[in-house]
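In this note's numbering, the protein residues as written are 117 to 528.
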């Protein structure tokens, strides 16, 4: 890989947008329906070494010596550095209800702004002019944070807005996918002004980003013929786990059409993930200060208020969480480390499957990301059945042929 164009055309781009932040004169992020958010050259050099150094699509490296003292040893090989495991929810009922699980990420962001003196939070929300697409925003008020609550199972590039953080009047919160947070970590090592302004990073658990084609498939399932008729999209939230709800305009006004979480994610969106997500080893935000996800170790009761699983990964994260709890923004309970693998067993199995997928890619001469300090083989060996091991490799060979991954792909 010599430049960002290589990363994109070899389908290793995860769409984070950090290259556009580092090279604003030559790159801009655009929506490619079949692939996701992708950098497009608009002049200047295609060979920006900083953009390549920050790109999480081609390499992720975690050194155990970089982990803080006191990490939970049994979680480190599969989940990265974890200091504490908590379950809880936002005490603000509106945030808790609107959030994908218990509203923890939004509550933490609000606490950092209103109680901790931070300037704002850089995150993603639906575009007001095209709700099936996303945009990066720097929110500074509760109302703006509420506007962006709930999952966005569609391409997003929060790192393309990092200049707003660098230019902000004070430190900011960053909320994003694990790859986004890894990109921020890399970028702060290259840009001292950014490093000074990133107050805390919060990652949410991620099983992959569907392309815009996935959203179009939802429209087809719901019988929505014209995307311009869509006034609002909520993929989750307003309950736990919440339904996927499209608000559309009709000849007589508006109406809502919806699918269950199992239908929208389990049957449709998961089939439209961008290729890079299939070979991703970090689904839980190993490079973040705090990571949040769903506590799926028990099935939510009907109409049960949402709850979040919260991982403290750094001392900064520990302080931020403690301050938010002390300020009354979050209600939390300490959990045993065993809750994490019980709550997210598929993510650990998926990490094992990545080893087999990477093996298949290399056997076929297909470019693949490199990982250091992120064990996968032991999970492939111990967590997957013989059939699943074979599926991880043989299935990848089929995908390589079906998607034409041995050749460059033109993204438009």
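Ideal Cβ positions, reconstructed from N, Cα and C, are used throughout, including at glycine.
Remember, predicted model here, so these are calculated numbers, not experimental data.
Proximity to residue 232 across 150, 316 and 182 peaks at 316, based on C-alpha coordinates. Per DSSP, residue 300 is one residue of the alpha helix (DSSP H) stretching across 294-306. For residue 399, there is no enclosing beta strand (DSSP E), as DSSP gives it neither H nor E. Classified as exposed, residue 510 has fewer than 16 neighbouring CB atoms from the shown chains inside 10 Å of its CB.
Comparing C-alpha distances from residue 386 to each of 432, 342, 323 and 303 shows the shortest one belongs to 323. Collapsing the DSSP output to three states places residue 261 in a helix. Bounds of the beta strand (DSSP E) holding residue 155 are 152-157. Per DSSP, residue 202 is one residue of the beta strand (DSSP E) stretching across 200-206. By the CB criterion at 7 Å, residue 495 and residue 464 fall inside the cutoff.
DSSP lists 408 as the bridge partner or partners of residue 320.
In the DSSP secondary-structure assignment, residue 426 is bridged to 202 and 408. Here the alpha carbons of residue 314 and residue 308 stand approximately 10 Å from one another. Take the alpha-carbon of residue 174 and the one of residue 277: they are about 21 Å apart.
The stretch 452-459 makes contact with the stretch 400-414; the number of CB pairs closer than 8 Å reaches 3 or more. Per DSSP, reduced to three states, the secondary structure at residue 377 is helical. Sorting 353, 356, 352 and 331 by C-alpha distance to the C-alpha of residue 346 places 331 at the top.
Annotated three-state conformation of residue 291 is strand, per DSSP. Counting along the chain, no beta strand (DSSP E) covers residue 331; the unbroken alpha helix (DSSP H) around it starts and ends at 328-338.
As the crow flies, the alpha-carbon of residue 527 is around 22 Å from that of residue 165.
Bounds of the alpha helix (DSSP H) holding residue 495 are 493-499.
Looking at the DSSP output, residue 145 bridges to 155. The C-alpha of residue 223 is placed about 26 Å away from the C-alpha of residue 191. Apart from the 5 residues on each side of it in sequence, residue 267 sits with its Cβ closer than 6 Å to the Cβ of 216, 351 and 352 in its chain, given in chain order. Secondary structure note for residue 236: its beta strand (DSSP E) is the uninterrupted segment 236-242. CA-CA distance, residue 478 to residue 522, rounds to 11 Å. For residue 447, the uninterrupted beta strand (DSSP E) run begins and ends at 446-450, by DSSP. Under DSSP, residue 176 takes part in a beta bridge, and its partners are 487. For residue 123, the three-state secondary structure derived from DSSP is helix. In this structure, the straight-line span from the alpha carbon of residue 286 to that of residue 513 is close to 48 Å. In this structure, the alpha-carbon of residue 321 lies about 15 Å from that of residue 239. Under a 10 Å Cβ-count criterion, residue 365 is classified as exposed, with fewer than 16 other Cβ atoms of the shown protein chains found around its own Cβ.
Bridge partners of residue 358 according to DSSP: 353. Burial state of residue 466 is buried, judged by a 10 Å Cβ sphere holding 16 or more other Cβ atoms. The beta carbon of residue 443 is closer than 7 Å to those of 227 and 231 in its chain, skipping five residues each way along the sequence.
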